[in-house]
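Colleague: Going by our numbering, the first residue of the first sequence is number 36, and it counts up by one from there.
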Amino acid sequence: MRMSQLFAPTLREVPAEAETISHQYLLRAGMIRKIAAGIYIYLPLAQRVLQKIERIVREEMDKQGGQELLLPALHPADLWLESGRWDVYGKELFRLKDRHERDYCLGPTHEEVITDLVRREVSSYRQLPLLLYQIQTKFRDEIRPRFGLIRGREFTMKDLYSFDKDEEGLEVSYRKMYHAYSEVFRRCALEFRVVEADSGAIGGSASHEFVVIAETGESEIAYCDNCAYAANVERAEAARDVTESAEPRRELELVSTPGVTTIAEVADFLAVDPKQMIKTLIYLAIDKEEYYPVVVLLRGDREVNEVKLQNHLGCLHLALADADTVREITGAPVGFAGPVGLKDVRLIADVEVPSIVNGVCGANRADYHWVNVNPGRDFVVTEVADIHKVVAGDKCKVCGHALKTTRGIEVGHIFKLGTKYSEAMGATFLDEKGNKKPFVMGCYGIGIPRTMAAAIEQNHDDKGIIWPMPIAPYQVVVVPVNSRVEEQMKVAERLYRDMLEAGIEVVLDDRDERAGVKFNDADLIGFPLRVTIGSRSLQEGKVEIKKRRTGETMPVDIEEAVATLQELIRAEMTKGVSL
RNA sequence: CGGGGCGUGGCGCAGCUUGGUAGCGCACAUGGUUUGGGACCAUGGGGUCGUAGGUUCGAAUCCUAUCGCCCCGACCA
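1) Return the chain-ordered list of same chain residues with a C-beta closer than 6 Å to the C-beta of R37, the five sequence neighbours on each side being excluded.
2) Considering only residues of the same chain and omitting the five flanking positions on each side of G370, which have a CB-CB separation below 6 Å?
3) Unbroken beta strand (DSSP E) runs of length 3 or more, entirely within the segment 152-209: which are they?
4) Nearest CA to the CA of I56: which residue from A266, K314, H495?
5) Check this for me: beta carbons of V513 and V475, under 8 Å apart or not?
6) Let me know the secondary structure DSSP gives A320 once reduced to three states.
7) Tell me the rounded alpha-carbon separation between P50 and H58.
8) Just confirm the distance between the C-beta atoms of G477 and L452, as a whole number of angstroms; I'd bet it's less than 8 Å.
9) When the Cα of Q311 is compared with those of Y479, E282, P328, which residue comes out closest?
10) Would you identify the three-state DSSP class for G125, choosing helix, strand or coil?
11) Which residues in the same chain have their Cβ closer than 6 Å to the Cβ of A367, if we skip the five residues on either side of it in sequence?
12) Quick check on T463: does DSSP put it in helix, strand or coil?
13) If you follow the beta strand (DSSP E) that N267 is part of, which residue opens it and which one closes it?
14) Determine the DSSP secondary structure at V552, reduced to helix, strand or coil.
15) What residue range does the alpha helix (DSSP H) around V92 cover?
16) Around the Cβ of M589, are there at least 16 other Cβ atoms within 10 angstroms (buried) or fewer (exposed)?
17) Assign H214 to one of three DSSP states: helix, strand, or coil.
18) When the Cβ atoms of the segment 131-140 are set against those of the segment 107-121, are three or more pairs found closer than 8 Å?
19) Below 7 Å CB to CB, which residues in the same chain sit around E250 once its five sequence neighbours on both sides are set aside?
20) For the ligand ATP, is there any heavy atom lying closer than 7 Å to the beta carbon of H110?
21) Among P143, D558, L166, whose alpha-carbon lies nearest the alpha-carbon of L152?
22) Measure the CB-CB distance between K577 and V591 and report whether it falls below 8 Å.
23) Label A299 either buried or exposed according to how many other C-beta atoms from any shown protein chain fall within 10 Å of its C-beta, with 16 as the threshold for buried.
24) Tell me which residues share the same chain as P503 and place their Cβ nearer than 7 Å to its Cβ, disregarding the 5 neighbours each side in the sequence.
25) Note down the Cα distance separating V123 from E279, rounded to an integer number of angstroms.
26) Would you report the Cα separation of V307 and I383, rounded to the nearest angstrom?
27) Quick one: using the 10 Å Cβ neighbour count with 16 as the cut-off for buried, is E595 buried or exposed?
28) Assign T365 to one of three DSSP states: helix, strand, or coil.
29) With C-beta atoms as the reference, is W405 less than 8 Å away from L316?
30) When DSSP builds the beta bridges, which residues end up paired with H110?
31) Do G183 and Y488 count as a contact pair if the criterion is CB distance below 8 Å?
32) Under a three-way DSSP split, which group does T440 fall into?
33) What residue range does the beta strand (DSSP E) around H352 cover?
34) Quick check: the Cα distance between R616 and L564, rounded to an integer number of angstroms?
35) CB L333 to CB V339, shorter than 8 Å?
36) To which residues of the same chain is S570 closer than 6 Å at the C-beta, ignoring the five residues directly before and after it?
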């Protein structure tokens, strides 16, 4: 490809709308353009990267016995009503009607469609296991699209669905995908971690996320350096502090705390450790038709993990109660809630609460707190659950070492679905004994554009993108320093032709631009290798090869340039990690 | 949806407080000089100031409504 012909409108300035590095560079390198919030055009360079990622994905899926098919993006509402998700999925589902007023939606995921297909076409255990996948456009009316390609409303996803005859089969399929995903991201040269995850709206038992480590990521993960434990903080659990305090239980006492409401203020005012406090929060658990209040107790230094809480409650949504509801339940304004004396309301204590001795909590009365509160004595704890958020420093539940936390971008997610969809939709087969059984399913997704963006978040410097070789849009750019110098152009053209013949993916920067412009564009777009042809080295019959990542340059004889490049490319293609 | 911010040539911004009929840099076009890290000179084209109402002799500027976009939170690959 000639740079003069390449449709890659690079931008010198940073577009105001872009906050994150990947978003900025994708725009500036002329790879994407936005057409509406969360909806992007992929220009030729981006398309090449996406296709390379897809190719890697296909190869790894195929290796595990996956078969590619293509499902529709437009789904009839019937299928979603059948699975029950027409109501559950909520506003995120793009819904539309056809001319006959029939309901449809744009698929945000494809469990319904694939389950429908399989229930009609597969009837015997002999046809299992079945691994079917596609690379398809998904539509999700995200509450807030953001960070460019990281969270779009339309994006391509590879989704594979596994159908097995039993749990053991699912386990095998799940492990295959776990391995395949690790291979995909390794080949994309990404630094990632596999973490235990919450399975969220898709449902099911076990699930793992593949998280690319990046400061700008939306996911927070907790992990242990000492053992293999790693989990999304939405799910992460820590070892419990079981040290029973020997301190004698003191007499319950009401103290005046005028205008002192927050944990920090109370701790300060009464000179107690926040760990001694019982944080009392009023939530509303919201289901399809109804909602009810829940009182949640935590140690004062803890935050609620709403995902855990919601899972525990099994409700659809969760919201902090408004001031009126708080007053209704506690009889006091916000800031003075406590479990002592509360009646007729569901009370859930975090696992750490029962061991608090002589604690402090609100008195359900404006401007008063209780001190020397002892769970079990001063209020009854019937429901205990792990609902606090794990933080760095908590003990690993596996080995007891201090956990660390970091942020990352979730690029892949694998789920064991079990029989959730097959049962809801009556998808069954006959087993060896002729018994009707629901398929045991799994689903496995990779966000393709997000993977591209994550690669940029992890591979860039202040000049631009540094593509890992396996997913670079082109492997080499040839830059004649001065396109008007005939000799330089001649050598450039010859090398360009030779490279094409050798199967190297190359761009020739034949533009009549100053060297600085070409160099800067080359750095911005992020070609892993650059061949510079200038008068200096040409005098000695040499050209310069420069590695984008390290900045290392090496003069090579013109005749050896192609062979050298091939060698460098080969080395980077198989390496699997960043150079 | 709650909180914050922004809509002015393709991009980045000024002008708005204190109304007087739109400007700067980059990009673009033409000519010339330049050419190893985003050149210079000259000339030129391009904007219903997001949209709709209103106030006013007069609105980018003031008022109202509305749409869009970005950032922080609830959603997820």
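For glycine and all other residues, C-beta sits at the position ideal for the given N, C-alpha and C.
Predicted model only: the values in this text are computed from it and were never measured.
Modeller: Once the coordinates are examined:
1) On the first sequence, residue 37 is found 2 positions in, with the first residue counted as 1. Here the set comprises L543, D545.
2) Numbered from 1 along the first sequence, position 335 holds the residue referred to as residue 370. Here the set comprises T296.
3) 165-174, 189-199
4) Start at 1 with the first residue of the first sequence, and residue 56 comes out as number 21. Looking at the Cα atoms, H495 is the closest of the given residues.
5) Here residue 513 corresponds to residue number 478 of the first sequence, with the count starting at 1. Here residue 475 corresponds to residue number 440 of the first sequence, with the count starting at 1. Their beta carbons are not under 8 Å apart, which means V513 does not touch V475 by this criterion.
6) For the purposes of this step, residue 320 is identified with residue 285 of the first sequence, where counting begins at 1. Correct three-state label for A320: strand.
7) Counting from one through the first sequence, the residue named residue 50 turns up at place 15. Counting from one through the first sequence, the residue named residue 58 turns up at place 23. So the alpha carbons of these two residues sit roughly 9 Å apart.
8) Counted from its first residue, the first sequence places residue 477 at position 442. Counted from its first residue, the first sequence places residue 452 at position 417. That pair is a contact at about 6 Å.
9) Position 276 of the first sequence, counted from the start, is the residue given in the question as residue 311. Closest option to Q311, Cα to Cα, is E282.
10) Numbered from its first residue, the first sequence carries residue 125 at position 90. Helix at G125.
11) The residue you call residue 367 lines up with position 332 of the first sequence. Cβ neighbours of A367 beyond the five flanking positions: N399, R400, A401.
12) If you number the first sequence from 1, residue 463 lands on position 428. Reduced to three states, the DSSP call for T463 is strand.
13) Within the first sequence, the letter at position 232 stands for residue 267. Per DSSP, N267 belongs to the beta strand (DSSP E) from 265-267.
14) Taking the first residue of the first sequence as 1, we reach residue 552 at position 517. Note: V552 maps to helix in three-state DSSP.
15) Taking the first sequence and counting its residues from 1, one reaches residue 92 at position 57. 79-98 is the extent of the alpha helix (DSSP H) around V92.
16) Taking the first sequence and counting its residues from 1, one reaches residue 589 at position 554. Looking at its Cβ environment, which holds fewer than 16 other Cβ atoms inside 10 Å, M589 is exposed.
17) Position 179 of the first sequence, counting from 1, holds the residue named residue 214. H214: helix per DSSP, three-state reduction.
18) yes
19) Within the first sequence, residue 250 is the residue found at index 215, counting from 1. Excluding residues within five positions, the ones whose Cβ falls inside 7 Å are R442.
20) No copy of the ligand ATP appears in this structure; indeed no ligand is present at all.
21) For this step, residue 152 is matched to residue 117 along the first sequence. It is L166.
22) Numbered from 1 along the first sequence, position 542 holds the residue referred to as residue 577. Numbered from 1 along the first sequence, position 556 holds the residue referred to as residue 591. Yes, Cβ-Cβ distance for K577 and V591 is below 8 Å.
23) In the first sequence, counting from the first residue as 1, residue 299 sits at position 264. Burial call: exposed.
24) As a position in the first sequence, residue 503 is number 468, starting the count at 1. Within the same chain, P503 has close Cβ partners C223, A224, A490, N494, S613.
25) Counting from one through the first sequence, the residue named residue 123 turns up at place 88. Counting from one through the first sequence, the residue named residue 279 turns up at place 244. C-alpha separation (whole angstroms): 43 Å.
26) The sequence position of residue 307 within the first sequence is 272, counting from 1. The sequence position of residue 383 within the first sequence is 348, counting from 1. Roughly 24 Å between the two C-alpha positions.
27) By one-based count along the first sequence, residue 595 stands at place 560. Result: exposed.
28) Translated into positions along the first sequence, residue 365 becomes position 330. T365 falls in the helix class under three-state DSSP.
29) By one-based count along the first sequence, residue 405 stands at place 370. By one-based count along the first sequence, residue 316 stands at place 281. Cβ atoms of W405 and L316: not closer than 8 Å.
30) Here residue 110 refers to the residue found at position 75 of the first sequence. Its beta-bridge partners are C140.
31) Here residue 488 refers to the residue found at position 453 when the first sequence is read from its first residue. Here residue 183 refers to the residue found at position 148 when the first sequence is read from its first residue. Reading off the sequence shown, one finds Ala at residue 488, where the question assumed Tyr. Against a cut-off of 8 Å, the Cβ pair of G183 and A488 comes out as a contact.
32) By one-based count along the first sequence, residue 440 stands at place 405. Residue state, collapsed to three classes: strand.
33) In the first sequence, counting from the first residue as 1, residue 352 sits at position 317. Counting along the chain, the beta strand (DSSP E) containing H352 begins and ends at 352-355.
34) The structure shown does not extend to residue 616, since the chain is modelled only from 36 to 614, so the question has no answer here.
35) Here residue 333 corresponds to residue number 298 of the first sequence, with the count starting at 1. Here residue 339 corresponds to residue number 304 of the first sequence, with the count starting at 1. Yes. Within cutoff.
36) The residue labelled residue 570 in the question sits at position 535 within the first sequence. Closer than 6 Å at the Cβ level, and outside the excluded window around S570, lies no residue.
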